[in-house]
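Report on the following structure.
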Amino acid sequence: PQDGSGNPRLIAPAFAEAARRMGAEMIEEAEVERISSNGSGFVVASSKGAFAAECLLNAAGAWGARIAAQFGEEVPLDARGPQMGVTEPVPHRILPVVGIWARDKEYGAYLRQVERGNIVFGGAAERVSVDLDPGHAIADPLRLPTQLRAVARLLPAIAKVAVIRTWSGCEGYVRDMLPVMGCSATTPGLFHAFGFCGHGFQLGPGVGDAMAELITTGRCETPLDDFRIDRFSRA
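See below:
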């Protein structure tokens, strides 16, 4: 009942605007073409120009392993897309996030109702494979009936409500289902925070605090050893 929820379409721009007020510069829709290190810093060549900095934080999500590989750090990461959907608006009655997790994935589903009445749902459908070039995740309509049956076990009345939209997105899943966080094992000044296995939105504020502390002070009160990028080369 105390589980939280948020709308990334509203929250992400709000975070960006707060960062701008603190002096950050946002460059959007800029494809990274090349990253080089000269020992004293980094230069990122992009479709919107080159940017130089003393430190570089790799927070590229499902593309994070590609950037890490440029610095000799291999991460076993698969890109997958969840199947999500939303219904037409109905009277607002559901306050908590509702969900069930089961060994049989066809039974595990979750839902929440937004204030204007739409019910957002997910789960109960295998994630689709995503080709990172061009990186478009497409919801599979053939998986929707199975998903709706699972959601209807939680909320039978949803069987009478129309689904108005489905979507997916690119998520990075690391082989051991743990994220990569911390300092690079090969390149001073390089830091990683990616591969959150579908939980990046929820963990983002805490991850940001931890990485800011690590980058600015060289240490972090939150233990990060389990998330080291070189855990795969040491295994």
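Our numbering applies: residue 5 is where the sequence shown begins, and numbers increase by one. Every residue, glycine too, gets a C-beta built ideally from N, C-alpha and C.
8 Å Cβ cutoff, residue i in contact with chain C
i, result
"A214", "No chain C is present in this structure, which holds just one protein chain."
Assumed close pair residue i, residue j - CB separation to whole angstroms, cut-off 8 Å
i, j, result
"G152", "I104", "Before going further, note that residue 152 is Leu rather than Gly in the sequence given. About 15 Å separates the two Cβ atoms, so there is no contact after all."
"T91", "N122", "6 Å"
"F200", "L61", "Contact flag wrong, Cβ pair sits at about 14 Å."
"F236", "V101", "With a Cβ gap of about 33 Å, F236 and V101 do not count as contacting."
"P17", "F205", "The pair is not a contact, with the Cβ atoms about 14 Å apart (cut-off 8 Å)."
"M131", "R84", "Checking the sequence, you will find Arg at residue 131 rather than Met. Contact flag correct, Cβ pair sits at about 4 Å."
"A128", "G112", "6 Å"
"E77", "A189", "6 Å"
"C59", "G212", "That pair is no contact at about 15 Å."
Identified DSSP bridge partners for residue i
i, result
"Q74", "For Q74, which the question treats as bridged, DSSP gives no partner whatsoever."
"W105", "In the DSSP output, where bridge partners are listed per residue, W105 has none listed."
"E127", "Residue identity differs from the one stated: residue 127 is Gly in this sequence, not Glu. Answer is A113."
"V94", "Beta-bridge pairing links V94 to no other residue."
"T250", "This structure leaves residue 250 out entirely; the chain is present only between 5 and 239."
"M185", "A197"
"V36", "S50"
"L228", "Bridge partners of L228: none, in fact."
"L60", "L194"
"F55", "V48"
"V132", "G85"
Pick from the options that is closest to residue i, judged by C-alpha positions
i, options, result
"N42", "S50, F75, V36", "F75"
"A214", "F205, Q206, A197", "A197"
"L182", "V167, H203, V155, K164", "H203"
"A141", "A66, V165, S237, D234", "A66"
"V167", "L148, G210, P95, R84", "L148"
"H96", "E33, I162, S40, A189", "I162"
"G8", "C59, L207, G139", "L207"
"D234", "A143, C187, L218", "C187"
"E37", "R179, V155, R70", "R70"
"I39", "A28, A64, E32, A20", "A64"
"I31", "S44, I15, V48", "V48"
"T191", "I15, F46, L218", "F46"
"Q87", "K109, I219, D230, V165", "K109"
"F125", "F231, A156, A57, L81", "A156"
"Q6", "D230, L99, D144", "L99"
"V184", "G212, A216, F231", "F231"
"T150", "G27, G68, F19, G89", "G89"
Segment limits, alpha helix (DSSP H) that includes residue i
i, result
"E175", "Premise fails: E175 lies in the beta strand (DSSP E), 175-178, not in any alpha helix (DSSP H)."
"S9", "That residue, S9, is in no alpha helix (DSSP H); it is neither H nor E in DSSP."
"R157", "148-158"
"R238", "235-238"
Residue range of the unbroken beta strand (DSSP E) whose run includes residue i
i, result
"D82", "81-85"
"E217", "Taken as a continuous stretch (DSSP letters only), E217 belongs to no beta strand (DSSP E), being part of the alpha helix (DSSP H) at 204-221."
Mind the definition here: the stretch 94-114 touches the stretch 222-233 only if three or more C-beta pairs lie below 8 Å; say whether that holds. no
Using a Cβ distance threshold of 8 Å, determine whether the stretch 130-137 contacts the stretch 46-56, with at least three qualifying pairs required. no
Are at least three pairs of beta-carbons, each pair with one atom in the stretch 171-179 and one in the stretch 110-120, less than 8 Å apart? no
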